[in-house]
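Student: Chains as they are written, first to last, in my numbering: chain A, 3 to 119; chain B, 71 to 187.
Glycine is no exception: its CB is placed at the ideal position from the N, C-alpha and C atoms.
Predicted model, so just to flag it, every value in this text is computed and none were measured.
#1: If you draw a straight line from the C-alpha of residue 73 of chain B to the C-alpha of residue 86 of chain B, how long is it?
#2: If we call anything under 7 angstroms between Cβ atoms a contact, is residue 48 of chain A one with residue 63 of chain A?
#3: Flag residue 117 of chain B as yes if its beta-carbon sits less than 7 angstroms from any beta-carbon of chain A, otherwise no.
#4: When you compare only the Cα positions, how much space is there between residue 46 of chain A and residue 177 of chain B?
#5: Alpha carbon to alpha carbon, how far is residue 95 of chain A from residue 126 of chain B?
#6: Output the distance between the C-alpha atoms of residue 41 of chain A and residue 150 of chain B, rounded to the nearest integer angstrom.
#7: Taking only the alpha-carbon atoms, compute the straight-line gap between residue 175 of chain B and residue 107 of chain A and give it to the nearest angstrom.
#8: So which residues on chain B does residue 65 of chain A lean against when the C-beta distance must stay under 7 angstroms?
#9: Using the three-state DSSP reduction, which class does residue 60 of chain A fall into: helix, strand or coil?
#10: According to DSSP, is residue 155 of chain B part of a helix, a strand, or is it coil?
#11: I'd like the list of long-range same chain contacts for residue 88 of chain A, defined as Cβ closer than 7 angstroms, with 5 residues on each side in sequence excluded.
#12: Based on the DSSP secondary-structure assignment, which residues constitute the bridge partners of residue 75 of chain B?
#13: Pull up the CB-CB distance for residue 112 of chain B and residue 105 of chain A, whole angstroms please, since I reckon it's below 8 angstroms.
#14: Look up residue 86 of chain A in the DSSP assignment and say whether it is helix, strand or coil.
#15: In chain A, which residues lie less than 9 angstroms from residue 131 of chain B when you measure between Cβ atoms?
#16: Please check if any C-beta of chain A sits within less than 7 angstroms of the C-beta of residue 173 of chain B.
#17: In terms of alpha-carbon separation, which member of B:83, B:140, B:91 lies closest to residue 42 of chain B?
#18: If the cut-off is 7 angstroms on Cβ atoms, which residues from the stretch 33 to 53 of chain A count as contacting chain B, listed in chain order?
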């Protein structure tokens, strides 16, 4: 079974609008971490935001926020005030394993976001 | 800033050739990872390493091997390249604990786009 599911292969949003990219995860561990990465057309992976399973507040980093709903096992990325430069592929990822120090991540298949003027 | 470099951005090889993809990181990270990225499939883990001379199979190790003789360098080897190994290959590294913000996030190289003819 997939550990990370991103159900939106593509999303479109108009500049200055907010957009939500969906992510659900599957784990039986109590301790885990959730990540979002951005991959522009140039190919590099850029870390955006992190949410720990024990964090009580939703993570925020500038225009990015993570809508963490633990009971639903969802970790949606919200981008406020979209910009043309936000057009990219977005990946949700999870690290589980509790005390594991290996830090391997499980990635979703990604969502291609297109911001139009 | 963490820097992860990969030996080539683009590589073209013939079927049956032995191919080496090199990855170097400069932040003394213990963990290093090799992924391949294919459209619609996201990032899939090939191999990872948590220490010099240590390696672990990821989700798709078949047809690949790795080498980690020095902490900063992690090599991916295609023993006999095949056309189905045409893909984008991404290297990443992460610390065992904490990291810059305590997230143990992975830092990625720019990727190598490999074409096997």
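Tutor: Result, derived from the coordinates:
#1: 32 angstroms
#2: When the beta-carbon positions are compared, residue 48 of chain A and residue 63 of chain A stay at least 7 angstroms from each other.
#3: no
#4: 10 angstroms
#5: 19 angstroms
#6: 30 angstroms
#7: 9 angstroms
#8: Correct list: empty, because the minimum Cβ distance to chain B is about 18 angstroms.
#9: Coil.
#10: helix
#11: 81, 115, 117
#12: Partner(s): B:94.
#13: Their Cβ separation, rounded to whole angstroms, is 18 angstroms, which puts residue 112 of chain B and residue 105 of chain A out of contact at 8 angstroms.
#14: helix
#15: Those within 9 angstroms of residue 131 of chain B in chain A number zero; the least Cβ separation is about 13 angstroms.
#16: yes
#17: Lying outside 71 to 187, the shown extent of chain B, residue 42 of chain B is not represented and no answer is given.
#18: When C-beta distances to chain B are compared with 7 angstroms, the residues of the stretch 33 to 53 of chain A below that value are 35, 37, 45, 46, 47, 49, 52, in chain order.
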